[in-house]
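Enquirer:
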Amino acid sequence: MKAQYDIVVIGSGMGGLVAANILAREGKSVCVLEKNNQYGGNLQTFVRDKTIFDTGVHYLGGLSEGQNLYRYFEYLDILDGLYFKKLDEDGFDIITFDDDCTEYPHAQGYDNFTSYLIKKFPEEADAIHIYCEKLQEVCQKFPLYNLEAGKPYHQDSDLFNLGAKAYIDSLTENKRLRAVLAGSNLLYAGEPDKTPFYVHALSVNSFIESSYRCADGGSQITKLLIRKL
15 MKAQYDIVVI
25 GSGMGGLVAA
35 NILAREGKSV
45 CVLEKNNQYG
55 GNLQTFVRDK
65 TIFDTGVHYL
75 GGLSEGQNLY
85 RYFEYLDILD
95 GLYFKKLDED
105 GFDIITFDDD
115 CTEYPHAQGY
125 DNFTSYLIKK
135 FPEEADAIHI
145 YCEKLQEVCQ
155 KFPLYNLEAG
165 KPYHQDSDLF
175 NLGAKAYIDS
185 LTENKRLRAV
195 LAGSNLLYAG
205 EPDKTPFYVH
215 ALSVNSFIES
225 SYRCADGGSQ
235 ITKLLIRKL
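Following this note's numbering, the numbering of the sequence shown begins with 15 at its first residue and continues without gaps.
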């Protein structure tokens, strides 16, 4: 260790390590401090019976070539060292209900996503298409999400005030379809009366674009980021 650093980052989670790497790439000397025995925050893993379990990062979206997370990892120069496996393109998530034996897949790719849902809800084709168009429209209003310069559209009050549940409910009277569209709310800790639609859109859009799991656990991301320092 050095006696003095340009920058001290407290915490070795994903945010801390990425910030440290960006600063180091700009020529700053950086020290990352971590109070726990294991670094990585929510990227930490544990092992039981020789099987790796993730504590936080179970799967990732937007990781196909050219998509937003791919471009972030490419910039951080860690892509070549990561081992990912693509999830089922016809159902990276399957939504099920206790009172219904039908499985409702969330498929990868917008054409695939809409196709599978329309098979389950043929009378709701218009609502499904409108929902998908809205997801993409909202995501385009957040430049950094797409690695573009600029700030979110703060002057668009409707963008930030629109509730996720309220919008989904406005699309259809079909309660089952409403539940299926909101079925991934665990990804962003969604609450019916609080979560805005843009939070739902920014999360769900990435996984519809592409979904992968960390084949050797999320801690591989941490290790590569630390090596780059």
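Heads up, the beta-carbon is just placed ideally off N, CA and C, and yes, glycines get one too.
Suppose the cutoff is 7 Å on Cβ atoms and the five residues either side in sequence are ignored; what does the same chain contact list for Gly105 look like?
Expert: Within the sequence shown, residue 105 is the residue found at index 91, counting from 1. The residues are Pro119, His120 and Ala121.
Enquirer: Do Glu239 and Leu90 have their C-beta atoms within less than 8 Å of each other?
Expert: Looking up residue 239 in the sequence shown gives position 225. Looking up residue 90 in the sequence shown gives position 76. This sequence places Leu at residue 239; Glu is not what is there. Contact: yes.
Enquirer: Given Ala38, which residues of its chain have a CB within under 8 Å of its CB, disregarding the five upstream and five downstream residues?
Expert: On the sequence shown, position 24 is the one that residue 38 refers to. Hits under 8 Å: Val44, Lys242 and Leu243.
Enquirer: Taking Gln169 as the reference, which of His143, Lys155, Gln150 and Phe221 has the closest Cα?
Expert: Counted from its first residue, the sequence shown places residue 169 at position 155. When each option's Cα is compared against that of Gln169, the closest is Lys155.
Enquirer: Any idea what DSSP makes of Phe127, helix, strand or coil?
Expert: Locating residue 127 in the sequence shown gives position 113, counting from the first residue. Correct three-state label for Phe127: helix.
Enquirer: On the premise that Ala178 lies in contact with Gly197, defined as a C-beta separation below 8 Å, what is that separation, rounded to the nearest angstrom?
Expert: Taking the first residue of the sequence shown as position 1, residue 197 is located at position 183. Taking the first residue of the sequence shown as position 1, residue 178 is located at position 164. Contact flag wrong, Cβ pair sits at about 12 Å.
Enquirer: Compare the Cα-Cα distances from Glu103 to each of Ile235, Lys237 and Ser225 and report the closest residue.
Expert: In the sequence shown, counting from the first residue as 1, residue 103 sits at position 89. The shortest Cα separation from Glu103 among Ile235, Lys237 and Ser225 belongs to Ser225.
Enquirer: For a quick check, are the C-beta atoms of Ile92 and Ile235 less than 8 Å apart?
Expert: Reading the sequence shown from its first residue, position 78 is the one you call residue 92. Reading the sequence shown from its first residue, position 221 is the one you call residue 235. Taking 8 Å as the Cβ cut-off, Ile92 and Ile235 qualify as a contacting pair.
Enquirer: I need the straight-line Cα distance from Asp6 to His214, nearest angstrom please.
Expert: Because the chain is modelled from 15 through 243, residue 6 falls outside the range shown and cannot be assessed.
Enquirer: According to DSSP, is Ile240 helix, strand or coil?
Expert: One-based indexing of the sequence shown puts residue 240 at position 226. Of the three classes helix, strand and coil, the one that applies to Ile240 here is helix, per DSSP.
Enquirer: Kindly indicate the opening and closing residues of the beta strand (DSSP E) around Leu47.
Expert: By one-based count along the sequence shown, residue 47 stands at place 33. It spans Val44 to Leu47 - the beta strand (DSSP E) in which Leu47 sits, taken as one unbroken run.
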